[in-house]
Amino acid sequence: MTKKCKECRQNKDISMYGMFRDSYDRIRYHTKCRPCRTKVLVERRRLRKIMDTHIERTVDPEEQASDAFKDDPRAAKEVDYGRVVRKPTFVIKGGLID
Ligand SMILES: [Zn+2]
Numbered sequence: 064m065t066k067k068c069k070e071c072r073q074n075k076d077i078s079m080y081g082m083f084r085d086s087y088d089r090i091r092y093h094t095k096c097r098p099c100r101t102k103v104l105v106e107r108r109r110l111r112k113i114m115d116t117h118i119e120r121t122v123d124p125e126e127q128a129s130d131a132f133k134d135d136p137r138a139a140k141e142v143d144y145g146r147v148v149r150k151p152t153f154v155i156k157g158g159l160i161d
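Okay, here's the thing in structure tokens:
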């Protein structure tokens, strides 16, 4: 059984494709042959690395500061009124008839 690879457009034996089961438990094959898939993954990883370094270079210094997520100083002066007490309106006493 042969299958056409989506990447290199060559008919290759089905053993050259990775096999997996979908959510319906059916046996499916990858659309790209093993060498092409590896190539794509390596390329994706390389791009990811470039993107990560780029993101690191463009970080906001204000956000990366050690005191970036400190509480607002105004919040310290705030007064919290009262305390929430939860009182059940119905207390189960264990009997069949209350
Ligand atoms: Zn291929």
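Numbers 64 to 161, taken from the working numbering, label the letters of the sequence shown in order.
Quick reminder that beta carbons are idealized off the backbone N, C-alpha and C, glycines included.
No experiment lies behind these values; they were computed from the predicted model shown.
- At the C-beta level, residue 90 and residue 79 stay beyond 9 Å of one another.
- Rounded to whole angstroms, residue 69 and residue 84 show a C-alpha spacing of 19 Å.
- In the displayed model, residue 146 falls within coil according to three-state DSSP, outside both helix and strand.
- Separation of the CB atoms of residue 87 and residue 77 is rounded to 20 Å, and the pair is thereby denied contact status at 8 Å.
- Looking at the DSSP output, residue 83 shares a beta bridge with 91.
- For residue 103 against residue 95, the beta-carbon gap comes to about 7 Å, under 8 Å, which counts as contact.
- Beta bridge pairing from DSSP links residue 96 with 80.
- Residue 133: not part of any beta strand (DSSP E); DSSP gives it neither H nor E.
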